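This report concerns only the one structure given below.
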Amino acid sequence: MSPTNRTVVVTGIGATTPLGGDAASTWEGLIAGRSGVKPLEQEWAAEQAVRIAAPVAVEPTEVIPRPQARRLDRSAQFALIAAKEAWADAGFEASADEDPNVDPDRLGAVIASGIGGVTTLLDQYDVLKEKGVRRVSPHTVPMLMPNSPSANVGLAVGARAGVHTPVSACASGAEAIGYAIEMIRTGRADVVVAGGTEAAIHPLPIAAFGNMMAMSKNNDDPQGASRPYDVARDGFVLGEGAGVVVLESAEHAAKRGARVYAEAVGQGISADSHDIVQPEPEGRGISQALQHLLERNELNPAEIVHVNAHATSTPAGDIAELKALRKVFGDDADHFAVSATKSMTGHLLGGAGGVETVATVLALYHRVAPPTINVENLDPEAEANADVVRGEARKLPVDGRIAALNDSFGFGGHNVVLAFRTV
């Protein structure tokens, strides 16, 4: 097989999310249909219109030594936790320099964040105002850099083939994984650690998203607030965390006898060129990304049985995505089991594509689709365009090779679709 068309596989997974401190507990929460949304208990939340969010289940300082954690923004802490789990899960030693099974010069890292170290920036600005110049941390700049998560992951595993940081709002995590697939396909790397992270549960982002009317204000029912496809949906719930996978050329994985979760088939990308925040209502840009996926990758639509939808619980965005799936796939879309896992995790912004890739890969590996929770009254437009998995998890076909899509879209009109397949 030519170096520009190498098969890419997933050999490691890691996550820290509102449902659990690792990939296994996150998956258990998804399959059980458990919500990670909680009331905000910080003092600053009292004056906010939005007083709910989905914080990580395990604080990073319980995992990362405090001296190291103090030099990392929360987003980098999440990324490091998820990446180390994925790296170990793939069967590698502490770093590439210590592992004969991977060449550091052929190892990359691509970790995305939609808004980088925003909490560090805002907290240190408060320090500057309240305590003066001399009290600002000397670690501020390397902590707030958007590339801090990828740089710290690259340092941890010893990556020297390239360390990259795509920034495309809520499509960032998926774009990172798509970029990593291309790094391996084109021969730049044999192994890439890839995913997304975000940590934005802070007064300013909460106020800003709330004033945009983008977030749910269902403060009296936190666990029922994120309700994709329900007629009463009123916006997303902000979450935090990270999801990371280890991608590897199939040849490299076979040579070292690695377990393979799934094949990473490829990506489709596009831009709406419509509005900085509003989705194109008919899903034309999403349709283009789906077409791009099919044109550039060997994927039979009949293989697709599951879609982990972007579905954030906004009135316009949820339906535009389903219209695009119907437009591109026609009757084939009838057998797509569509799951909206943000109903449980909230919306992790730049981390969403990473966490939802972990969920998509595990759905194929275990052949079961997570449910979409809180759908009490299904929107007729959703019902007309898709088969939404509601209430309980659903088994996927047990025989033959099956495929799944992971959709991620972001402010600015960024559209990324990833495809995975059983092996």
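567 is the number that our numbering gives the last residue of the sequence shown; the numbers go up by one with no jumps. The beta-carbon is built from N, C-alpha and C at its ideal position, and this holds for glycine as well. Here the structure is a predicted model, which means the values were calculated and not measured.
Check	Outcome
How many Å lie between Ala230 and Thr284 at the Cα?	28 Å
If you compare alpha carbons, which of Ala320, Gly302, Glu342 and Pro514 is closest to Ala198?	Glu342
Within the continuous alpha helix (DSSP H) that includes Gly429, where are the two ends?	Arg428 to Arg440
What's the C-alpha gap between Ala295 and Ala324?	15 Å
Mark Ala238 as exposed unless 16 or more other C-beta atoms lie within 10 angstroms of its C-beta, in which case mark it buried.	exposed
Pro162: which of Pro347, Val381 and Glu242 sits nearest, CA to CA?	Val381
Could you have a look at Gly385 and say whether DSSP puts it in helix, strand or coil?	strand
Measuring only the C-alpha atoms, how far is Met145 from Gly322?	Legend: pLDDT at Met145 = 39, less than 50; position of this residue unreliable, no value from coordinates given.
Could you check the C-alpha separation between Val200 and Arg440 for me, to the nearest Å?	36 Å
Would you check if there are 3 or more beta carbon pairs closer than 8 Å linking the segment 374-390 to the segment 487-503?	yes
Sorted by chain position, which residues of the same chain lie with C-beta nearer than 6 Å to Ala303's C-beta, five sequence neighbours on each side aside?	Leu251, Gly252 and Ala253
Kindly give me the distance between the Cβ atoms of Val451 and Val482, rounded to whole angstroms, as I take these residues to be in contact under 8 Å.	5 Å
Is it true that the CB of Ile463 sits closer than 8 Å to the CB of Asp523?	yes
Just checking my contact of Val109 with Tyr405 at CB under 8 Å: how many whole Å lie between their CB atoms?	Residue 109 lies beyond the stretch modelled for the chain, which goes from 145 to 567, so this question has no answer here.
Provide the residue span of the alpha helix (DSSP H) that contains Phe353, from first to last.	Pro347 to Asn355
Alpha carbon to alpha carbon, what distance is there between Ser169 and Gly180?	12 Å
To the nearest angstrom, how far is the alpha carbon of Arg332 from that of Ser393?	11 Å
Taking its Cβ as the centre, do 16 or more other Cβ atoms sit within 10 Å of Ala344, making it buried, or is it exposed?	buried
Should Met359 be labelled buried (16 or more other beta-carbon atoms within 10 Å of its own) or exposed?	buried
With DSSP run on the structure shown, which of helix, strand or coil describes Glu465?	helix
Quick one, are the C-beta atoms of Ala315 and Phe564 less than 8 Å apart?	no
According to DSSP, which residues form a beta bridge with Val337?	Ala253 and Val390
Compute the Euclidean distance between the alpha carbons of Val336 and Leu434, then round it to the nearest angstrom.	24 Å
Tell me whether the segment 241-251 and the segment 508-526 touch, counting them as touching only if at least three CB pairs, one residue from each stretch, are closer than 8 Å.	no
To the nearest angstrom, how far is the alpha carbon of Pro147 from that of His396?	With a pLDDT of only 49 at Pro147, under the threshold of 50, the placement of this residue in the model should not be trusted, and no figure is reported.
Quick one: what does DSSP say Gly306 is sitting in, helix, strand or coil?	strand
Can you give the beta carbon distance from Gly494 to Ala256, rounded, assuming they're within the 8 Å contact cut?	5 Å
What does the alpha-carbon distance come out to for the pair Gly379 and Gly427?	18 Å
Compute the Euclidean distance between the alpha carbons of Ser370 and Val271, then round it to the nearest angstrom.	34 Å
Would you mind working out which of Ala193, Ser281, Leu224 and Gly258 sits nearest Val207, comparing C-alpha positions?	Leu224
Rounded to whole angstroms, how far is the Cβ of Leu466 from the Cβ of Val152, which I believe are closer than 8 Å?	Wrong, their Cβ atoms sit about 28 Å apart, outside the cutoff.
Per DSSP, what kind of secondary structure is Cys167 in: helix, strand or coil?	In the sequence on display, residue 167 carries Ala and not Cys. The answer is helix: DSSP assigns Ala167 an H, G or I state.
Rounded to whole angstroms, what's the CA-CA distance from Gly383 to Ala446? Just pull it up for me.	34 Å
Alpha carbon to alpha carbon, what distance is there between Asp476 and Gly317?	27 Å
So what's Phe236 in DSSP terms, helix, strand or just coil?	coil
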